[in-house]
Amino acid sequence: MSKIRSKWMATGAGVALVAALSAVAPLPGAGTTAAADNHPESGVICTESTTSTLGTASFALSAKDGTILTPDGNTVYMWSYSAGAGSFQYPGPTLCVTQGDEVTVTLRNRLSVPTSILFEGVEGVSADGAPASVETVGGLVSSLIQPVSTGRSITYTFIAPDPGTYLYQSGTDPLLQREMGLHGALIVRPGDFALTATERTVYGDDSLDFGGNSSTSFDQDQEYVHLFSQVDPSIHLLVETGQGDKIDFSQYRPRYFMINGRSFPDTIAPNEAPWLPNQPYGAMVHLQAIGQGQELPSVIRYLNAGPTAVPFHPHSNSEEVIGIDARPLVETATPMVASIDRFAIDVQPGQTIDARFSWTNTFASTPQQPVPDARNLQDGGFWSGDVLLGQSGTKPTGGDAFNICGEYYHVAHNHALYAATNYGAAMGGQLTLVRVDPVSGC
Ligand SMILES: [Cu+2]
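Per our numbering: the sequence shown ends with 559, consecutive numbering throughout.
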C-alpha cells in the first residue's frame, strides 16, 4: 500500500517546467498542504451520495455559468454542473456509485437556456418518472433526453449499470452545450469494489470468473480520472456577450485543451489548489514502483468529452487497457483476461477507457541486467542519484537538483501535438506528469 500523498511537489519538477514555460499561476511553498476537505492531493475526488441509505445514491446538481483560468493568464466563460448549491466548478462533479444502486440525480437549471443530463451508455433512465426520450421541435431533435427549463428542476433516475467509467454530459443542443463545458464522470463500482483493505477492483473480478486471477485490481490509493475536453474561446466569448447567433461552428478552432478542466502546467497542481478555485481536479499520477512502496497497479479512467479523438501517450511505460466503455476486455470462453498493452490510449469522442499502470524498476527486478555504462548516462536536474529508477542515491556534488527526494517524472500527453498547447504555445494543454517516488517515500 502506498502512502505518498504527504507533500505537494512544491520544489519539484513543477517549478522547473513552469519556469521554462510562461506566465503561470503561483505555486505554493514547500510543504504546503493545498488540498481542502482532507481530499488527497492527487487522484480521484468522488462526490458521494447525499443519502446514506444502502442501495441508493442521490445527487443534486446545478447547471450554471462561471469562469476558469488558463495557464497563459486568460479567463474563459464556461457552463458546467456543480454539486448542489456549491460554487461553480469545471468539469462537473465525479459521481461515484455502486452497481445496482437506485441512482437519483436532480438537476437544477441556473442557465438561461434549457439543458439536461445524458448518461452515456446507461439504459433505463427516467426523467421525472417518464422513460427517457428525445425531444423534437418542428420535427428536429432538440434534446436527446427530456430537458429542464431555466429556473426549474428535473430528476433523472436509473439503476447503476455494470461497473466501469461513464461520461455524463448535456443532451440538449449538444454541439454548443458540450463545447461550453457541460460534462463530468460517473464511476460505477462493483459490489466487491473493496476486495480487501488495500485492494480495489474496477469491474468486480469475482463476477468475471478469471479462475482466481484478480485482473482488474488496483491499489486503494491509486485511482485517477483523466477527462479530456477542449475550448474554442471565441465561441465562449460570443455566448458570454449574448451574441450566440453569431456562432459559426464551421470556423471552430479550439485553443485550450484540458485534462480534468485544466491545461498543463495547471494539470500537475494538486486537487483543490486554492489558485484554481473553479477547477478542483488535478491530473498528476503519483505512484511508486511495484514492489518498492506499491504492490498493486494504479488505475486511470479516461473519458473524452471533446469532439475529436485523443491519442493519449504515456512516456516510458505502456498502460494495460482493461476495458472500453465500461466493458471489461475478457475472452469469456476460457475465461481469460484480454487486456491490451498500449503506449497510445486512443480515446474516441464520447468513449471511456479504463487502464492500469504499473511502474516496474526494471534493473532492480532483474539484477543480472547490467547497469548502463556511465558514458551513456548524464546527470540532470531531475537525477535521482541512482540508475535504479525508483531509488534515490547520492547526487553529484555541486549539481543542481529540482526534485525533492529522488523522485522522477514522465510526461504523458495527447500525441496530437496541437492539443499539447495553450493558445498555440507548446508544452501545455492535454499534458501531465507521472510522478514516481523512490521506495523510501518522499
Ligand atoms: Cu511525448
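We put the CB at the ideal spot given by N, CA and C, even for glycine.
For the set Ala406, Leu446, Gly378, the Cα lying nearest the Cα of Leu420 is the one of Gly378.
In the displayed model, Asp471 falls within a strand according to three-state DSSP. DSSP, reduced to helix, strand and coil, places Met297 within a helical segment of the structure shown.
For Leu550, the uninterrupted beta strand (DSSP E) run begins and ends at 548-554, by DSSP. Just so you know, the alpha carbons of Pro555 and Ser509 end up roughly 6 Å apart.
With respect to Ile457, Val464 sits apart: the two C-beta atoms are not nearer than 8 Å. Of the other Cβ atoms in all chains shown, 16 or more fall within 10 Å of the Cβ of Lys181; this residue is therefore buried.
When the beta-carbon positions are compared, Pro278 and Glu219 stay at least 8 Å from each other. Around the beta carbon of Asn531, a 10 Å sphere encloses 16 or more other beta carbons of the protein chains shown; the residue is thus reported as buried. Looking at the backbone, the Cα of Val251 and that of Val265 are separated by about 13 Å. Counting only heavy atoms of ligand 1, the residues whose C-beta sits closer than 6 Å to one of them are, along the chain, His430, His432, Val528, His530.
The DSSP-derived three-state label of Ala536 is helix. Of the candidates Ile262, Met544, Asp442, Asn520, Asn520 places its Cα closest to the Cα of Cys559. In this structure, the CA atom of Asn395 is about 11 Å from the CA atom of Tyr194. For Ser259, the enclosing beta strand (DSSP E) starts and ends at 257-260. Beta-bridge partners assigned by DSSP to Trp196: Asp182. Given a length threshold of 3 residues, each whole run of the beta strand (DSSP E) inside the segment 233-272 is given here in chain order: 252-254, 257-260.
Beta-bridge annotation (DSSP): Val427 is paired with Val464. Judged by DSSP secondary structure, Glu357 falls within the alpha helix (DSSP H) whose first and last residues are 350-357. Beta-bridge partners of His403 (DSSP): Arg552. Each residue's CA atom was taken as its position, placing Gln368 and Trp196 some 21 Å apart.
By the CB criterion at 8 Å, Leu354 and Lys363 fall outside the cutoff.
Under the three-state reduction of DSSP, Ala529 is assigned to strand. Apart from the 5 residues on each side of it in sequence, Pro291 sits with its Cβ closer than 7 Å to the Cβ of Leu261 in its chain, given in chain order.
Counting the other CB atoms within 10 Å of its CB gives Thr282 a total of 16 or more, which places it among the buried residues. Separation of Val504 and Ser557 (C-alpha to C-alpha, rounded to the nearest whole angstrom) is 15 Å. Just measuring C-alpha positions, the residue of Glu448, Thr223, Ala543, Ala400 sitting nearest Ser159 is Ala400.
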